[in-house]
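Protein chains in written order, with my numbering: chain G, 1 to 432; chain U, 1001 to 1138.
Glycine included, each C-beta is placed from N, C-alpha and C at the ideal position.
First up is the structure itself, then whatever we jot down about it.
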Amino acid sequence: MKEIFFIFYQVFFTFILFLFPFHFIKEKFSFLKIYNFFDLICLNIIIQFTLYLILSFFIPNISFLINLIGILSLILLSVNFSKIKLMIKNNHLPLWLIIVFLILVLCNFFYIASYFRLQWDGVAHWFWKVQSFYQGGNLNNFQNLPYPFYPHLGTFLWANFWNLSIVDYEYFGRFYYSYIYLASIFSILYPIKSKYLIIIISVASYLIFDGFLLGGYQEFLIFFFITFSARLFYLLKCHNLFINNFLIFFLLTLNLLIWTKQEGIFYAFILSLVYFICFKTKLIKNFILLFSLLLFAFLYFYLNTFFKNSGFFHEPITNHFEKLRDFNSFLDSFIYISFHLIKALISRPIIILSFLFYYFLKNLKKESYFKLDFYILFFILNFLIIYAIFFHTRYELTSMVPQVLGRLLLQTSGFYLVIFVPFFNYFQKNEK
Amino acid sequence: MKKKKDINLLIINILVLIIIVYSLNLPLNVYNILLHNYQERLSSIYGFCEKESYGFMKKINEKYGTKYNIESFNFDNYPSSSSAFFYKIDRTFNKNQIIILNYNSLNLNQKQYFEKNFINYKILENYKNKCLFLEKKK
């Protein structure tokens, strides 16, 4: 019973924690007005995680600070309660969505609590780092651990949320993965103007849920950053004036992406490329983005080498590309990867569904199928990188593709949710 | 008429939500947590001398691992080392000791591997010839 009580407490605490700071200053800053309730949760997560990332280089245990932010947020919530009551009185939808969101968060938390098994990578790679941070070790200690070059953001947060839990159970540290991925789904689908919004969001959340990956993998952290980038792209497309604060939040998201997993750096470059090609903005903004991205990449390699004495990839960037040299080998590999890609796409239907919606929408609007937009460009680059990873690897495809492909698809699948918004809104508009 | 439509919509929403909550096993998970405490679930998830063999690892680490971290080797289809569960940052690894997990002496490949790599070790703890704690002979 004690465990159940603390799981409920953790839902409450996490919800309160990520209301800080933007929910309390929304009224004072006009640029925040275009963001919905869940966008602001995502922005708060981005801001807080950036702060935690900076601190991770100096202080291994920041649970006191997280607690402090939680308490501050609770105080601000009590002070602003009358305003929130008024907002809910005028519009019931956010309240219903918050209730559904919390129910889904609770389902995820109870799933982790009941079946808290750490899966393969969790035990073999990530949990070592979590143990190190949890016991007060700093980044230097990574030199004594397996795979020291793996980025540390996810494990640092895992260890600190574990530290926060009153009952001191490891799995409490992993709750935040499920909270953030659900927040990003709600954020990206919130603009759908349909009476079936709650059903659409719930079904999308259910289709994306993967209990296996809540067992110590970092995929949902990547999922969150990529999904929120798609949300930012969508806002940029709809609100051109939004460009200045877009750049700040987009850059912070890319930086966090780099510090999450090794492939994060490639996703950061893909997302930047999508921005350069699909959004016509001033040259100076493009320059700022490119310069910042290169700086983040440099800092990533430099700081990793400085603190951990190991900052590169577990596979060499250049190798003999054996699979590309011989045509038969290339063809066999291509067919093998494609076969498993189709299998993985069927098992994670969100991408296929969004692709159907995309072409259905093009057909309805009588638009050209070949017009390049940010959705289709990301799709192409994402699938190119999947093939590139498997053609590049020195490991046997049979031991790698079936295990890795599904995860690679899941971590980017949130991006494709962006097409649900114009699709459902098109029908809503025509109904009226 | 509009009110009736609203009520119908509410019922559909609630029904879909109940189906999803049920599909995510919420009732079963709550029941599992109520029925089995954390330690019981820990043993059933990682096993005593099966899967990651958490139980055996714990026993050995409590008895022998007070000064050093002890490396482990799992013969089954699990991560080769489960030592992360008991890793202590202020201790070094004892290179003379190793915990063997899920060893099957009837499996020829495993037997050959064991004889090749652990011939110079003596057995300090033995659980059903499957989980062993070994120390290098001096």
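At a cut-off of 7 Å between beta-carbon atoms, Leu1101/U makes no contact with chain G. A direct Cα-to-Cα measurement between Arg325/G and Phe223/G gives close to 34 Å.
Of the residues Lys89/G, Leu236/G, Tyr196/G and Glu3/G, the one whose Cα lies closest to the Cα of Phe31/G is Leu236/G. The beta carbons of Leu221/G and Gly154/G sit closer together than 7 Å. Below the 7 Å Cβ cutoff, chain U contributes Leu1009 as neighbours of Lys195/G, in chain order.
At a cut-off of 7 Å, the C-beta of Leu1026/U has a neighbouring C-beta in chain G. Proximity to Phe6/G across Phe172/G, Phe38/G and Asn309/G peaks at Phe172/G, based on C-alpha coordinates. Pairwise C-beta distances place the stretch 1063-1074 of chain U out of contact with the stretch 1034-1045 of chain U, as fewer than three of them are shorter than 8 Å.
In the three-state reduction of the DSSP assignment, Glu263/G falls in the coil class. If you compare the alpha carbons of Tyr9/G, Gln48/G, Phe12/G and Phe8/G with that of Phe22/G, the shortest gap goes to Gln48/G. Contact check for Gly216/G against Trp128/G fails: the beta carbons are separated by 7 Å or more.
When DSSP assignments are scanned along the stretch 301-368 of chain G, the uninterrupted stretches of alpha helix (DSSP H) that are 4 or more residues long and fall wholly within it turn out to be 322-325, 327-347 and 350-365. Assignment of alpha helix (DSSP H) within the stretch 1038-1119 of chain U, counting only whole runs of 4 or more residues, yields 1038-1046, 1054-1064 and 1108-1117 in chain order. One finds nothing in chain U with a Cβ atom closer than 7 Å to the Cβ of Ile75/G; even the nearest lies about 31 Å away. An exposed status is given to Ile284/G, since fewer than 16 other beta-carbon atoms sit within 10 Å of its beta-carbon.
Here the alpha carbons of Met1/G and Ala268/G stand approximately 44 Å from one another. Close partners of Ile1119/U in chain G (Cβ separation under 8 Å) are lacking, with about 26 Å as the shortest Cβ gap.
Among the residues facing chain G, Asn1029/U is included, as its CB has a counterpart in that chain under 7 Å away.
Cβ contact annotation for Asn1129/U (same chain, cutoff 8 Å, sequence separation greater than five): Tyr1103 and Ser1105, in chain order. The continuous beta strand (DSSP E) containing Leu1132/U extends over residues Cys1131 to Lys1136. Counting along the chain, the unbroken beta strand (DSSP E) around Lys1122/U starts and ends at Tyr1121 to Tyr1127. The straight-line gap separating the alpha-carbon atoms of Leu341/G and Phe1086/U is approximately 38 Å. Distance from the Cα of Lys33/G is smallest, within the candidate group Asn245/G, Val401/G and Phe109/G, for Asn245/G. Assigned with DSSP and collapsed to three states, Lys371/G falls in coil, not helix or strand. Asn91/G and Ser184/G have their C-alpha atoms roughly 22 Å apart. With respect to chain G, the C-beta atom of Ile1045/U has a partner C-beta closer than 7 Å. Annotation for Leu97/G: Phe37, Phe38, Phe186, Tyr190, Leu197, Ile198 and Ile201 place their beta carbon closer than 8 Å to its own, counting only its chain and skipping 5 residues before and after. With a cutoff of 7 Å on beta-carbon distance, Ile419/G and Tyr358/G are scored as near each other. Taking all protein chains in view, the Cβ of Glu1115/U is surrounded by fewer than 16 other Cβ atoms within 10 Å, so the residue is classified as exposed.
Interface flag for Ile1033/U against chain G is set, since a Cβ pair is found closer than 7 Å. At a C-beta separation below 7 Å, Glu1052/U has these neighbours in chain G: Val123.
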